[in-house]
Structure formats: structure tokens, C-alpha cells
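The UniProt record's numbering puts the sequence shown at residues 1 to 108.
Note that CB positions come from ideal geometry on N, CA and C, so glycine has one too.
Encoded as C-alpha cells, the structure appears first; notes follow it.
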Amino acid sequence: MNTTISNNGLPLMPQAPGNQANGPAAGTGNAASDTPAAVPAKDDSVRLTDSARALQDAAKVDGQGTIDSKKVEKIRQSIADGSYQVNPAAIADRMIALEGQIAGTAKP
Numbered sequence: 001m002n003t004t005i006s007n008n009g010l011p012l013m014p015q016a017p018g019n020q021a022n023g024p025a026a027g028t029g030n031a032a033s034d035t036p037a038a039v040p041a042k043d044d045s046v047r048l049t050d051s052a053r054a055l056q057d058a059a060k061v062d063g064q065g066t067i068d069s070k071k072v073e074k075i076r077q078s079i080a081d082g083s084y085q086v087n088p089a090a091i092a093d094r095m096i097a098l099e100g101q102i103a104g105t106a107k108p
């Protein structure tokens with residue numbers, strides 16, 4: 001009995017020698033020659049880009065990037081009592097500067 005498998009116009013992948021169904025090892029019944037050879041395990045590794053390293057360093061809290069809890073509490077209290085003043089012009093200026101940094105057109 002013959003069975004035909006259509007590749008639907010896709011290119012056929014070449015088979016490794018000895019793994020072909022009609023190759024020398026086909027149908028020998030020898031279990032040792034019918035099983036694929038053991039492939040040595042590769043060590044997994046991760047390589048970080050410079051950008052990823054910079055983000056990782058920026059996320060570290062070590063004296064330089066610590067949160068000033070007194071300042072946070074002062075701002076929280078001024079928001080709660082309604083005395084916190086928002087400066088929309090300063091916010092807009094910083095958003096425009098950030099957009100320039102993202103686009104790569106910001107002046108140093």
C-alpha cells in the first residue's frame with residue numbers, strides 16, 4: 001500500500017542521512033540503530049543589551065535613587081488639604097522635552 005503526502009506547493013525539507021524511511025537503517029529491527037543519537041545538552045544563557053542593563057541599573061534602589069519619604073508625605077498632605085499647586089506650563093515643557101528625547105531630536 002502506498003500513501004502519498006502532498007506538500008501543497010511548499011518546499012520539502014531535506015532529511016538527515018540515515019533518518020530517511022527507505023535508508024539503510026529502515027526496517028532493520030535493530031533498536032540501537034533506529035533510535036537517534038543522544039544530543040548533548042546546551043547550557044542556557046542570557047545576554048542583556050546595553051539598554052536592558054541601563055534599565056536594570058536605574059531600577060536599583062541604592063542610596064542614589066532612594067525615595068525621599070518626607071517629601072512624598074509633604075506632597076501627599078498638600079494634595080489632601082488642597083494646597084498643592086499644579087504648574088501646567090512646567091508639565092507641558094517637560095512632556096515636550098521627553099518627546100524630543102524619545103524622537104532623538106532633543107538638544108543636550
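Listed in chain order, the non-local C-beta contacts of Gln56 below 6 angstroms within the same chain number zero, local neighbours out to five positions each way being set aside. In the structure shown, the three-state DSSP call for Ile75 is helix.
In the three-state reduction of the DSSP assignment, Ala41 falls in the coil class, being assigned neither a helical nor a strand state. Linking Ala97 to Lys107 through their CA atoms gives a straight-line distance of about 9 angstroms. Collapsing the DSSP output to three states places Ser83 in coil. Taking the CA atoms as reference points, Ala90 sits about 57 angstroms from Ala41.
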